[in-house]
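Right, one structure below, let's go through it.
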Amino acid sequence: MPISGRILRIEKLSSFDGDGLRTVVFLKGCPLACQWCSTPESQRSGTDFGVDRSKCTGCFTCVETCPETALAWDMKAEQFIIDRSLCTDCRTCAAACPQKARQAWGYTADTNEIFREVEKDSLFYFHSGGGVTLSGGEPLLQHRFCAELLEKCLTHGINTAVETCGHVPWENMAAVLPFIDTLFFDVKHLDTTIHRQFTSVGNEHILDNLARVDGAGHALSLVVRMPVVPGCNDTEDNIRALGTLCKTLENLHEIQLLPYHRLGIETYRRLNVSYALEHTQAPEETFMAHCRTILEQMGLQAKVGG
Ligand code: SF4
Ligand code: SF4
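Its first residue numbered 20, the sequence shown is counted upward by one per residue in this note's numbering.
Structure follows, in structure tokens:
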């Protein structure tokens with residue numbers, strides 16, 4: 020029996036998150052809650068529901084068709100509410116919406132189903148040097164699913180990459196490492212108190228896992244990534260501390276500095292979740308170049324972007 024996983028979505032022909040053209044499989048569920056998260060609909064393992072208020076006409080077909088009377092309109096708060104104890108995840112509400120305004124994020128699929136989707140683009144991988152990337156959410160929360168899928172891909176000559184926040188049990192990570200060509204490992208802040216403030220967890224376990232990956236002896240390409248978020252982690256001290264950490268890694272391929280962006284804000288609105296960085300703007304290109312230079316002057320290979 021192939022293993023089933025919780026999937027958010029699959030994006031095809033991506034030129035990010037690895038070499039060449041890639042199929043990116045986003046998995047549901049994450050142990051962190053980063054304030055800048057651009058995929059808030061990935062954080063919970065269960066299905067999330069949202070409404071595009073610019074399309075919604077207030078017809079309430081969704082409410083009327085819900086077979087469990089789990090969905091209602093809260094007149095006072097002027098928003099939809101779902102009683103999760105009644106909702107069976109049937110998605111009738113989303114399917115019934117005449118405006119396609121109601122969205123459901125998350126579904127279950129097994130490794131055979133996902134592999135069939137990935138394999139469809141083999142020709143693009145062959146010509147571009149691309150492959151598959153598992154992202155999220157945190158894919159390694161579902162390590163058995165990931166290991167089985169990635170092993171299938173490797174067996175068929177498809178390059179594999181995984182993005183991780185690093186905050187998973189070491190056993191999860193160790194189970195998947197043999198099947199990864201490139202590991203993108205996020206480091207968000209080197210001060211654990213500030214890390215906790217912005218992500219909800221400290222960084223000790225993450226840094227411990229990073230050191231263990233480096234010493235595990237797998238022939239993978241290790242890339243350390245830091246999102247650079249103004250007002251959160253964009254100090255020279257933090258960039259230097261990142262450089263100092265990376266100098267201790269024997270198998271580091273490069274550091275990637277990812278400029279903060281605001282592309283996920285509309286999803287927060289649809290989820291009816293407040294966005295903590297409402298007034299934060301993307302960092303200046305010159306500042307990102309400065310950060311890269313700091314790392315290069317420390318003798319490290321660094322680039323801006325993924
Ligand atoms: S069915 Fe669609 S358009 Fe009608 S109230 Fe629900 S979300 Fe809005
Ligand atoms: S998924 Fe099904 S049970 Fe849940 S709110 Fe929508 S229609 Fe109701």
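Virtual Cβ for every residue (Gly too), placed ideally from N, Cα, C.
Given the structure is predicted, the values throughout are model-derived calculations rather than measurements.
Cβ-based burial, T263 [other Cβ within 10 Å; buried from 16]: Within the sequence shown, numbered from 1, the residue matching residue 263 stands at position 244. T263 should be labelled exposed.
Determine the extent of the beta strand (DSSP E) in which V195 is found, giving its start and end residues. Here residue 195 refers to the residue found at position 176 of the sequence shown. Premise fails: V195 lies in the alpha helix (DSSP H), W189 to V195, not in any beta strand (DSSP E).
Check: R121 C-beta below 8 Å from any heavy atom of ligand 1: Counting from one through the sequence shown, the residue named residue 121 turns up at place 102. Answer for R121: yes, Cβ within range of ligand 1.
Helix, strand or coil: which one does DSSP assign to T218? As a position in the sequence shown, residue 218 is number 199, starting the count at 1. Here T218 sits in helix by DSSP.
Any non-hydrogen atom of ligand 2 within 8 Å of I101 CB: The residue labelled residue 101 in the question sits at position 82 within the sequence shown. At least one heavy atom of ligand 2 falls within 8 Å of the beta-carbon of I101.
Please determine, among F68, C56, H186 and A194, the residue with the shortest C-alpha to C-alpha distance to T299. By 1-based counting over the sequence shown, the position of residue 299 is 280. Minimum Cα distance to T299 is reached at C56.
Check whether the Cβ of T111 sits closer than 8 Å to any heavy atom of ligand 1, and report yes or no. The residue you call residue 111 lines up with position 92 of the sequence shown. No - ligand 1 has no heavy atom lying nearer than 8 Å to the Cβ of T111.
Measuring only the C-alpha atoms, how far is S154 from Q316? For the purposes of this step, residue 154 is taken as residue 135 along the sequence shown, with counting starting at 1. For the purposes of this step, residue 316 is taken as residue 297 along the sequence shown, with counting starting at 1. Straight across, the Cα-Cα distance linking S154 with Q316 is about 31 Å.
Please classify Q98 as buried or exposed, where buried requires at least 16 other C-beta atoms within 10 Å of its C-beta. Indexing the sequence shown from 1 puts residue 98 at position 79. Exposed, since its Cβ has fewer than 16 Cβ neighbours within 10 Å.
For P86 and G221, the rounded distance between their alpha carbons: Counted from its first residue, the sequence shown places residue 221 at position 202. Counted from its first residue, the sequence shown places residue 86 at position 67. Each residue's alpha carbon lies about 42 Å from the other.
CA-to-CA distance, H280 to P50, given in whole angstroms: Locating residue 50 in the sequence shown gives position 31, where the first residue counts as 1. Locating residue 280 in the sequence shown gives position 261, where the first residue counts as 1. In this structure, the straight-line span from the alpha carbon of P50 to that of H280 is close to 21 Å.
Which of the three DSSP states, helix, strand or coil, is assigned to V292? Here residue 292 refers to the residue found at position 273 of the sequence shown. Looking at V292 - three-state DSSP - the assignment turns out to be coil, as it is neither helix nor strand.
Under 8 Å: does the beta carbon of P117 sit that close to some heavy atom of ligand 2? Translated into positions along the sequence shown, residue 117 becomes position 98. False, no ligand heavy atom lies under 8 Å from that Cβ.
Quick one: measure Cβ to Cβ for T201 and L168, integer angstroms, because I've assumed they're closer than 8 Å. Start at 1 with the first residue of the sequence shown, and residue 201 comes out as number 182. Start at 1 with the first residue of the sequence shown, and residue 168 comes out as number 149. The beta-carbon distance between T201 and L168, rounded to whole angstroms, is 15 Å. This is too long to meet the 8 Å contact definition.
L282 classed as buried or exposed, judged by whether at least 16 other C-beta atoms fall within 10 angstroms: Here residue 282 corresponds to residue number 263 of the sequence shown, with the count starting at 1. L282 is exposed by the Cβ-count criterion.
Report the rounded CA-to-CA distance for C81 versus D253, giving the unit in angstroms. Working through the sequence shown from its first residue, we reach residue 81 at position 62. Working through the sequence shown from its first residue, we reach residue 253 at position 234. Rounded to the nearest angstrom, the two C-alpha atoms are 44 Å apart.
Let me know the secondary structure DSSP gives G262 once reduced to three states. For the purposes of this step, residue 262 is taken as residue 243 along the sequence shown, with counting starting at 1. DSSP, read as helix, strand or coil, puts G262 in helix.
If you draw a straight line from the alpha carbon of D108 to that of T66, how long is it in whole angstroms? Here the question's residue 108 lines up with position 89 in the sequence shown. Here the question's residue 66 lines up with position 47 in the sequence shown. Whole-angstrom Cα-Cα distance: 7 Å.
Proximity below 9 Å, CB of P21 to CB of E132: For this step, residue 21 is matched to residue 2 along the sequence shown. For this step, residue 132 is matched to residue 113 along the sequence shown. By the CB criterion at 9 Å, P21 and E132 fall inside the cutoff.
Proximity winner among E255, I274 and G325, relative to F306 (alpha-carbon distances): Counting from one through the sequence shown, the residue named residue 306 turns up at place 287. If we check each option's Cα against that of F306, E255 comes out closest.
Flag A295 as yes when its Cβ comes closer than 8 Å to any non-hydrogen atom of ligand 2, and as no otherwise. Residue mapping note: residue 295 aligns to position 276 of the sequence shown, counting from 1. Residue side-chain check: A295 keeps its Cβ at 8 Å or more from all non-hydrogen atoms of ligand 2.
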